[in-house]
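Numbering (my numbering), first residue to last: 33 to 419.
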């Protein structure tokens, strides 16, 4: 399917978004009225109804939800893997993948803090079905095998992508005269050190020492391979067009990809600055190999630090223009980043989240202000840091 041209009135600019879905048949022509007309009607139209910022658009059987953002909101947050519903009738399990528990309250907490500081409601896309039954991150080549053609699972999958595409297209149109916006796909990981190894942490809640096998890193992914993140800056810089943040590279031509990924104003480094360890970033700029921490592979060689480099959602809804595994993004100014968060210091319970949402909100606003030229207020971290 190809999306029709999305014609924006602002400054006479035209944003043309072309999607290469092989399995979908969606076709959007966004409203072409004047800016005043659009504000009076709402931010976005869906199936003949206009929605305002803060409204929720419900997708197939209410399994999918899109919280509408403000017209000028540069932030879109995805929560594809914290659903717990089975469906009615029950949707069969097709994978054994675990749920990214608590990514929903964590992400909604960040969204609320962003709204309070920036004065703008961010877009939020949510799947309420368990990922073992419907995984919105499934690559197109596996869709029919997993979900069939005319099933509840397939319709739920399609509904997620339909509403995500609607949100992204609306952002691209509304932000066409700016440096753009950012889609952050939120996930959770359970990576561990090699059997028998435990790392000493300082509790973010009370400052007490904790020993745990779980790796506390947040994994910030740009659709760049794990192998590439072992390489030098000069080698990494050659891969800018394959990155889901290529639009940021284009609007900041004096800055290299390596600086965007592991420099002082990379999202990982900004998270480090807020007291939450991220990779790649300032503290862990490369994916090192270490026998003591990560063990050995089948050939007896040291294993690399575990890291998820970005799934289909990150690759499809970012701004890469060269295919990684056959998947490219859009030639506009909306980039994407996947963040895999640890439970131990970010998601595990409400007390931990009450602190981590401030850390992530502060890093995200710093990132938007620095790379996109915004000037959003950024309220201080209200708790004592334990480092």
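The beta carbon of each residue, even a glycine, is placed where N, CA and C say it ideally should be. Quantities reported herein were computed from a predicted structural model and do not represent experimental measurements.
Quick check on the DSSP output: the alpha helix (DSSP H) that includes residue i runs from which residue to which?
i	result
residue 203	184-206
residue 428	With the chain covering only 33 through 419, there is no way to say anything about residue 428.
residue 139	135-150
residue 212	Where residue 212 is concerned, there is no enclosing alpha helix (DSSP H), given that its DSSP letter is neither H nor E.
residue 254	Here residue 254 belongs to no alpha helix (DSSP H), and DSSP marks it neither H nor E.
residue 348	344-348
residue 266	265-268
Nearest-angstrom Cα distance between residue i and residue j?
i	j	result
residue 106	residue 183	34 Å
residue 287	residue 315	20 Å
residue 377	residue 220	12 Å
residue 292	residue 144	26 Å
residue 418	residue 185	44 Å
residue 303	residue 397	11 Å
residue 411	residue 339	31 Å
residue 111	residue 101	15 Å
residue 414	residue 265	36 Å
residue 89	residue 73	15 Å
residue 128	residue 167	11 Å
residue 295	residue 301	7 Å
residue 181	residue 393	39 Å
residue 87	residue 399	26 Å
residue 353	residue 179	28 Å
residue 361	residue 176	22 Å
residue 409	residue 142	14 Å
residue 401	residue 147	15 Å
residue 149	residue 405	16 Å
Spatial neighbours of residue i within its chain, please: CB distance less than 7 Å, with the 5 preceding and 5 following residues excluded, ordered by chain position.
i	result
residue 62	Low per-residue confidence applies at residue 62: pLDDT is 47, beneath 50, and the placement is therefore not dependable, though the value from the model is reported in the following sentence. Excluding sequence neighbours, residue 62 sits near 38, 201, 202, 205.
residue 289	268, 269, 271, 272, 275, 281
residue 113	131, 132, 135, 163, 219
Measuring alpha carbon to alpha carbon, tell me which of the options ends up nearest residue i.
i	options	result
residue 379	317, 108, 84, 137	137
residue 231	175, 346, 404, 324	324
residue 126	135, 92, 163, 119	163
residue 263	320, 303, 240	320
residue 75	94, 98, 93	98
residue 196	177, 212, 265, 216	216
residue 245	339, 223, 235	223
residue 208	100, 411, 365	365
residue 131	342, 169, 149	169
residue 229	112, 235, 394, 243	243
residue 407	151, 83, 78, 199	151
residue 298	119, 261, 252	252
residue 309	259, 352, 372, 260	372
residue 318	348, 154, 153, 260	260
residue 374	83, 148, 233	233
residue 85	154, 149, 395	154
Please return the same chain residues whose Cβ sits closer than 6 Å to the Cβ of residue i, not counting the five positions on each side in sequence.
i	result
residue 403	280
residue 388	378
residue 103	75, 206
residue 344	169, 171
residue 69	Residue placement at residue 69 cannot be trusted, given a pLDDT of 48 that sits under 50; what the coordinates show is reported in the next sentence. Taken in chain order, the list of residues that qualify is empty.
residue 139	109, 111, 218
residue 395	302, 303, 306
residue 158	97, 111
Does the beta-carbon distance from residue i to residue j come in below 8 Å?
i	j	result
residue 109	residue 161	no
residue 357	residue 277	no
residue 92	residue 117	no
residue 311	residue 249	yes
residue 328	residue 335	yes
residue 124	residue 165	yes
residue 483	residue 189	In the structure as shown, the chain begins at 33 and stops at 419. Residue 483 is therefore absent and cannot be evaluated.
residue 214	residue 367	yes
residue 257	residue 381	no
residue 211	residue 283	yes
residue 237	residue 383	yes
residue 174	residue 78	no
Where do the ends of the beta strand (DSSP E) carrying residue i lie?
i	result
residue 88	88-90
residue 97	96-99
residue 78	76-78
residue 232	231-234
residue 243	241-244
residue 372	366-374
residue 110	107-111
Please return the same chain residues whose Cβ sits closer than 8 Å to the Cβ of residue i, not counting the five positions on each side in sequence.
i	result
residue 333	321
residue 16	With the chain running from 33 to 419 in the structure shown, residue 16 is simply not present.
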